[in-house]
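Novice:
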Amino acid sequence: MIPELGQVALILALLVAILQFALPLWGAQRGNAALMAVARPAAYAQLSLVLLAFVLLSVAFARQDFSVLYVANNSNSLLPMHYRITAVWGAHEGSLLLWALVLSLWTGAVARFSRSLPPEVISRVLAVLGLVAIGFISFMLFTSNPFERLLPAAVEGRDLNPLLQDPGFIIHPPMIYMGYVGFSVAFAFAIASMLDGRMDRAWVRWSRPWTNVAWAFQTLGIVLGSWWAYYELGWGGWWFWDPVENGSFMPWLVGTALLHSQAVTEKRGSFRNWTLLLAIAAFSLSLLGTFIVRSGVLTSVHSFAADPARGVFILVFLAIIVGGSLLLYALRTPPANDGKPFAPLSRETLLMINNLLFSAAAAMVLIGTLAPLLFEALNLGRISVGPPFFGLQFGILMAPVVLLMPFGPFTRWQREYANRYLPLLRFALTAAVLALVLAWLLGDAFTLKSYAGVGLSIWIIAGTLRYAWQRLKSTASLNGETAGMLLAHLGLGVFVAGVLLVESLGVERDVALAPGASSEINGYRFEFQGVERVQGPNYRADRGDLRVFDGDREIARLHPEKRAYASGGQIMTEAAIDPALHRDLYVALGERLDARGDGATVETNSWSLRVYVKPFVRLIWLGGLLMMVGGFVAAADRRFRRPRAERPEEPAEAA
Amino acid sequence: MNPTRKRRLWTVALTLLAAAAAAVMITLALQANRSYLVTPSQVLAGDIPDNGRFRLGGIVKEASVRRSEGSLDVDFVITDRLEDVAVRYSGVLPDLFREGQSVITEGHLEGQRFIADEVMAKHDETYRPVELEKALIEAREKRDAEQADDKQTYDKRPNGDAVQ
Chain Z
-19 MIPELGQVAL ILALLVAILQ FALPLWGAQR GNAALMAVAR PAAYAQLSLV
31 LLAFVLLSVA FARQDFSVLY VANNSNSLLP MHYRITAVWG AHEGSLLLWA
81 LVLSLWTGAV ARFSRSLPPE VISRVLAVLG LVAIGFISFM LFTSNPFERL
131 LPAAVEGRDL NPLLQDPGFI IHPPMIYMGY VGFSVAFAFA IASMLDGRMD
181 RAWVRWSRPW TNVAWAFQTL GIVLGSWWAY YELGWGGWWF WDPVENGSFM
231 PWLVGTALLH SQAVTEKRGS FRNWTLLLAI AAFSLSLLGT FIVRSGVLTS
281 VHSFAADPAR GVFILVFLAI IVGGSLLLYA LRTPPANDGK PFAPLSRETL
331 LMINNLLFSA AAAMVLIGTL APLLFEALNL GRISVGPPFF GLQFGILMAP
381 VVLLMPFGPF TRWQREYANR YLPLLRFALT AAVLALVLAW LLGDAFTLKS
431 YAGVGLSIWI IAGTLRYAWQ RLKSTASLNG ETAGMLLAHL GLGVFVAGVL
481 LVESLGVERD VALAPGASSE INGYRFEFQG VERVQGPNYR ADRGDLRVFD
531 GDREIARLHP EKRAYASGGQ IMTEAAIDPA LHRDLYVALG ERLDARGDGA
581 TVETNSWSLR VYVKPFVRLI WLGGLLMMVG GFVAAADRRF RRPRAERPEE
631 PAEAA
Chain C
129 MNPTRKRRLW TVALTLLAAA AAAVMITLAL QANRSYLVTP SQVLAGDIPD
179 NGRFRLGGIV KEASVRRSEG SLDVDFVITD RLEDVAVRYS GVLPDLFREG
229 QSVITEGHLE GQRFIADEVM AKHDETYRPV ELEKALIEAR EKRDAEQADD
279 KQTYDKRPNG DAVQ
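Right under this line is the structure:
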């Protein structure tokens, strides 16, 4: 009964979405207030219905209803309760439902926190969001129904992919989706402004906090994903340039460009058409990201669901959304630019460089991700595009960003004079040089890359702090927008240090150890105690035991595991990590090194282990988190809450 | 030519130049990133890249894994069911490394033996590297064509390796 209710809720949600799309849009074109007034209630109704469907699917998981195909495929009677709930978004169908839920949450938030907007604007915005909802809900109903029955019911479920039975996975997808889908709001505002034809700067101001919040969630989602991959995949890497990661990274890059471009358009009126284009691009790439993850077109760790038929639906949907909005852009955007003029050296110019570099980086990632497909389709042979390509190209494109970033805040709109940078240069360069000297004196085995990490990071951090100090001296307070910007810039400084230090100083070593034997790696002695068998709720594991010594002092006890899951017989490496800000000690259990050959096996107690020492790897995620906080702080700026009238407003970013 | 038109011309020229430079850079970078997946049949036919470094893919031959006790060094044989190549590797093998399962290794040839510095196995029971799948099918088709004269029947799914 429950699955059928869920199904009905989804069908009703689709009908409501059609109303939410058609009536307000028609009303806005005709100036019909009654039709426009449908938008808000429809948004709330859609939210309630999709939420109901989501809750019902969760109930089906909690009650182990194996007569539902999706539950039978992704759960198991041995699965602990918290993973049963998160299994809801563990595969294709459920993650689409989560997508739809997040979309309706954003839609509801826009409906709730936009009372001060003109009715034509809000009804058009909600109508565009309704169109996106139509696409996703009908995709679910017609190709990937999470409530499909399995009759007769399965006796036992197939279990959730063990990779996903992990706390990191509980929150990573919802956060990524908050980001992906959040860009739909900026997109809807852009479309609404083009439909409106007036295209004043107001739409940018209204959409700015939403873009900031979406960007902040996207940042958090990417950080969580990176952290999850680091400890769960057992390879010690934090970023693999895997198509799925690229899928979430492209909207982030374009979103970063969009944040900066929106600032220019709102304050100066320049880059208006460019901002529209970026808003379209950010959301299109979010859709592409969903497509990449869920179609299985690109083989990857993440492509749990491989079904090209669904890919075709998303491609058509993508073509409608992207093609439609670009067509509208071509037809409705006036060629003239009403922005104020600016000199070659001005904040506008620096932000333009920022936009060029971030867009180029997004284009590069897009090309690299799709190149293997294109080469194959055009019969040019098979290529694999991996970290060497992305790492080099991305480094080239981001180097100017890192070097120029501290200049940005110091630079005034319209025109700036080079000699005003002297205080910045004096302070930040001195700090960077001092840091380099310190690194030279204290650092061990530093390479050019590690020095670059220290120098560039301190350059950004010192330059950013110097600006904060100057601002506080003159105004004694920072508004949310500036504070957020400074936090995000500091975050990049911390991130740069983490990346370059861990890449240049990280150590990876495969060792073979018998119980009692030890191995010295980077000054740490890893003493192997042995391996014991342990029983988990739905797996059996070999559990290693290592004592780690720094000199004579025991600093950590690590228990890496190798798990065999009861259903499906999948093997999983559970790495053991001793985290610290300045280094992670990371051990993954390999296999028992039995003597083998001529069909015979002689058992032994020796095991292979992979040991990593990862200096400053935590700075990568710490920097990402700072960027996220920056995004939220900027969105909370009070200025955004008083769009037109002076009367106080509800917060516009509590999504 | 009036100044506006002149400026527009410059803008167009510079844009085109930048686009061309980007296209050339990316093409060159992608060319450098070509990585070849080679099957044992191709290795024996001498069909390997000039720089000697390549990826060798196939199935780990049954009962071919050899190791002495407590050592990281391991020897095994990769087969495409037509030809075999001996492989040596030193290090931790991936979780899903199994005899009779597909595997991709990266390294270079030393004499008749492939020295691998990386071994990748498929990620879970349903996943198989698409390109490896294709290479194996091509190898099989080649054999089919050669054997067509003999009218020999041949099981398309040796060893239960389902083709997706």
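Protein sequence lines correspond, in order, to chains Z and C.
Following our numbering, the numbering of the first sequence begins with -19 at its first residue and continues without gaps.
Following our numbering, the numbering of the second sequence begins with 129 at its first residue and continues without gaps.
Beta carbons: idealized from backbone N, C-alpha and C, even for Gly.
#1: So S588 (chain Z) contacts chain C; which residues on that side make the cut at Cβ distance below 7 Å?
#2: Determine which residues share a DSSP beta bridge with Y217 (chain C) and list them.
#3: Chain Z beta carbons: is any one of them nearer than 8 Å to that of R195 (chain C)?
#4: Take every Cβ of the segment 514 to 523 of chain Z, pair it with every Cβ of the segment 476 to 490 of chain Z, and state whether three or more of those distances are shorter than 8 Å.
#5: State yes or no: is the beta carbon of A148 (chain C) nearer than 8 Å to at least one beta carbon in chain Z?
#6: Given that a residue counts as buried once 16 or more other Cβ atoms are within 10 Å of its Cβ, and exposed if not, what is P60 (chain Z)?
#7: Please list, in chain order, all residues of the same chain as S280 (chain Z) whose beta carbon is under 6 Å from its beta carbon, the five residues on each side excluded.
#8: Mapping the DSSP letters down to three states, classify H282 (chain Z) as helix, strand or coil.
#9: Against chain C, with Cβ distances strictly below 8 Å, would V582 (chain Z) count as a contact?
#10: At 8 Å on the CB atoms, spell out the chain Z contacts of A157 (chain C), in chain order.
#11: If you drop the 5 nearest sequence neighbours on each side, which residues of the same chain put their C-beta closer than 8 Å to that of L109 (chain Z)?
#12: From I438 (chain Z) to W601 (chain Z), what distance separates their C-alpha atoms?
#13: Please classify K320 (chain Z): does DSSP put it in a helix, a strand, or coil?
#14: Closer than 9 Å, Cβ to Cβ, to anything on chain C: give me those residues from the segment 235 to 269 of chain Z, in chain order.
#15: Whole angstroms are fine: how far does the CA of A341 (chain Z) sit from the CA of R92 (chain Z)?
#16: Let's see if you can read the secondary structure: which residues bound the beta strand (DSSP E) around R642 (chain Z)?
#17: Tell me the residue span of the alpha helix (DSSP H) that contains I557 (chain Z).
#18: For the putative contact between N335 (chain Z) and V381 (chain Z), defined by C-beta atoms under 8 Å, what is the C-beta separation to the nearest angstrom?
#19: Grouping DSSP H, G and I as helix and E and B as strand, with all else coil, what is D252 (chain C)?
#20: Does DSSP classify M552 (chain Z) as helix, strand or coil?
#21: Return the residue from the list Z:G148, Z:A107, Z:G74 and Z:V365 that minimises the CA-CA distance to Q9 (chain Z).
#22: Helix, strand or coil for E136 (chain Z) per DSSP?
#23: Per the DSSP calculation, K594 (chain Z) is bridged to which residue(s)?
#24: Which word fits E461 (chain Z), buried or exposed, when buried means at least 16 other C-beta atoms lie within 10 angstroms of its C-beta?
#25: Around the C-beta of W449 (chain Z), are 16 or more other C-beta atoms found within 10 angstroms, so that it is buried, or is it exposed?
#26: Tell me Y519 (chain Z)'s beta-bridge partners as DSSP assigns them.
#27: Mind checking which residues open and close the alpha helix (DSSP H) that includes A448 (chain Z)?
#28: Using the Cα positions of R64 (chain Z) and F322 (chain Z), report the straight-line distance between them to the nearest angstrom.
#29: Quick check on P126 (chain Z): buried or exposed, where buried means 16 or more other Cβ atoms within 10 Å of its Cβ?
#30: Identify which residue in Z:F355, Z:K542 and Z:R185 has its Cα closest to the Cα of D617 (chain Z).
#31: Which one of Z:P154, Z:A412 and Z:A615 has the shortest CA to CA distance from T191 (chain Z)?
#32: Can you name the residues of chain C whose CB is closer than 8 Å to the CB of T553 (chain Z)?
#33: With DSSP collapsed to three states, give me the class of Q229 (chain C).
#34: Quick one: which residues of the segment 465 to 494 of chain Z get their C-beta closer than 8 Å to a C-beta of chain C? List them in chain order.
#35: The beta strand (DSSP E) that contains V582 (chain Z), what's its start and end?
#36: Please confirm whether A267 (chain C) has its beta-carbon closer than 8 Å to some beta-carbon of chain Z.
Specialist: Working from what's here:
#1: One-based indexing of the first sequence puts residue 588 (chain Z) at position 608. Here the neighbours are L200 and V220.
#2: Position 89 of the second sequence, counting from 1, holds the residue named residue 217 (chain C). Its beta-bridge partners are C:V202 and C:A244.
#3: Within the second sequence, numbered from 1, the residue matching residue 195 (chain C) stands at position 67. Yes, R195 (chain C) counts as interfacial toward chain Z.
#4: no
#5: As a first step, residue 148 (chain C) is located in the second sequence; it is residue number 20 there, counting from the start. Chain Z contact via Cβ: absent.
#6: Position 80 of the first sequence holds residue 60 (chain Z). With fewer than 16 Cβ atoms within 10 Å of its Cβ, P60 (chain Z) is classed as exposed.
#7: Position 300 of the first sequence, counted from the first residue, corresponds to residue 280 (chain Z). Model confidence at S280 (chain Z) stands at a pLDDT of 42, short of 50, so the residue's coordinates are unreliable; what they give is reported in the following sentence. If we look at S280 (chain Z) and ignore the five residues flanking it on each side, its Cβ neighbours are D222, P223 and V224.
#8: By one-based count along the first sequence, residue 282 (chain Z) stands at place 302. At H282 (chain Z), the pLDDT of 41 sits below 50, so the modelled position is not reliable; the number obtained from the coordinates is stated separately. In the structure shown, H282 (chain Z) sits in coil (DSSP, three-state: anything other than H, G, I, E or B).
#9: To locate residue 582 (chain Z), count along the first sequence from 1; it is residue 602. Yes, V582 (chain Z) counts as interfacial toward chain C.
#10: Translated into positions along the second sequence, residue 157 (chain C) becomes position 29. Correct list: F369, L372 and Q373.
#11: Reading the first sequence from its first residue, position 129 is the one you call residue 109 (chain Z). Only Q0, A23, L83, W86, T87, V90, S164, V165 and A168 meet the Cβ criterion.
#12: Reading the first sequence from its first residue, position 458 is the one you call residue 438 (chain Z). Reading the first sequence from its first residue, position 621 is the one you call residue 601 (chain Z). C-alpha separation (whole angstroms): 17 Å.
#13: Here the question's residue 320 (chain Z) lines up with position 340 in the first sequence. Coil at K320 (chain Z), not helix or strand.
#14: none
#15: Here residue 92 (chain Z) refers to the residue found at position 112 when the first sequence is read from its first residue. Here residue 341 (chain Z) refers to the residue found at position 361 when the first sequence is read from its first residue. If you take the alpha carbons of R92 (chain Z) and A341 (chain Z), they lie about 36 Å apart.
#16: In the structure displayed, chain Z extends from -19 to 635; residue 642 (chain Z) sits before or after that span and is not available.
#17: Taking the first sequence and counting its residues from 1, one reaches residue 557 (chain Z) at position 577. Segment A556 to D558 is the beta strand (DSSP E) holding I557 (chain Z); no alpha helix (DSSP H) there.
#18: Numbered from its first residue, the first sequence carries residue 335 (chain Z) at position 355. Numbered from its first residue, the first sequence carries residue 381 (chain Z) at position 401. No, N335 (chain Z) and V381 (chain Z) are not in contact; Cβ-Cβ is about 11 Å, not under 8 Å.
#19: Residue numbering aside, residue 252 (chain C) sits at position 124 when the second sequence is read from its first letter. Low local confidence applies: a pLDDT of 41 at D252 (chain C) is under 50, so the model's placement there is unreliable, with the coordinate-based value given in what follows. In the structure shown, D252 (chain C) sits in coil (DSSP, three-state: anything other than H, G, I, E or B).
#20: Your numbering for residue 552 (chain Z) matches position 572 in the first sequence. Looking at M552 (chain Z) - three-state DSSP - the assignment turns out to be strand.
#21: Position 29 of the first sequence holds residue 9 (chain Z). Nearest option by C-alpha distance: Z:A107.
#22: Sequence index remark: in the first sequence, residue 136 (chain Z) carries index 156 (1-based). E136 (chain Z) falls in the coil class under three-state DSSP.
#23: As a position in the first sequence, residue 594 (chain Z) is number 614, starting the count at 1. For K594 (chain Z), which the question treats as bridged, DSSP gives the partners Z:D564.
#24: As a position in the first sequence, residue 461 (chain Z) is number 481, starting the count at 1. Counting Cβ neighbours within 10 Å, E461 (chain Z) comes out buried, since at least 16 surround it.
#25: Here the question's residue 449 (chain Z) lines up with position 469 in the first sequence. It counts as exposed.
#26: Counting from one through the first sequence, the residue named residue 519 (chain Z) turns up at place 539. According to DSSP, Y519 (chain Z) bridges with Z:Y545.
#27: In the first sequence, residue 448 (chain Z) corresponds to position 468, counting from 1. Residues L428 to T455.
#28: Here residue 64 (chain Z) refers to the residue found at position 84 of the first sequence. Here residue 322 (chain Z) refers to the residue found at position 342 of the first sequence. Their Cα atoms are separated by approximately 57 Å.
#29: Reading the first sequence from its first residue, position 146 is the one you call residue 126 (chain Z). That one is buried.
#30: The residue labelled residue 617 (chain Z) in the question sits at position 637 within the first sequence. It is Z:R185 whose Cα lies nearest to the Cα of D617 (chain Z).
#31: Stepping through the first sequence from its first residue, residue 191 (chain Z) is reached at position 211. The option with the nearest alpha carbon to T191 (chain Z) is Z:A615.
#32: For the purposes of this step, residue 553 (chain Z) is taken as the residue at position 573 of the first sequence. In chain order: D223.
#33: In the second sequence, residue 229 (chain C) corresponds to position 101, counting from 1. Q229 (chain C) falls in the coil class under three-state DSSP.
#34: D490, V491, A492 and A494
#35: For the purposes of this step, residue 582 (chain Z) is taken as the residue at position 602 of the first sequence. Its beta strand (DSSP E) spans residues A580 to V582.
#36: As a working mapping, residue 267 (chain C) is identified with position 139 in the second sequence. It does not; no Cβ of chain Z falls within 8 Å.
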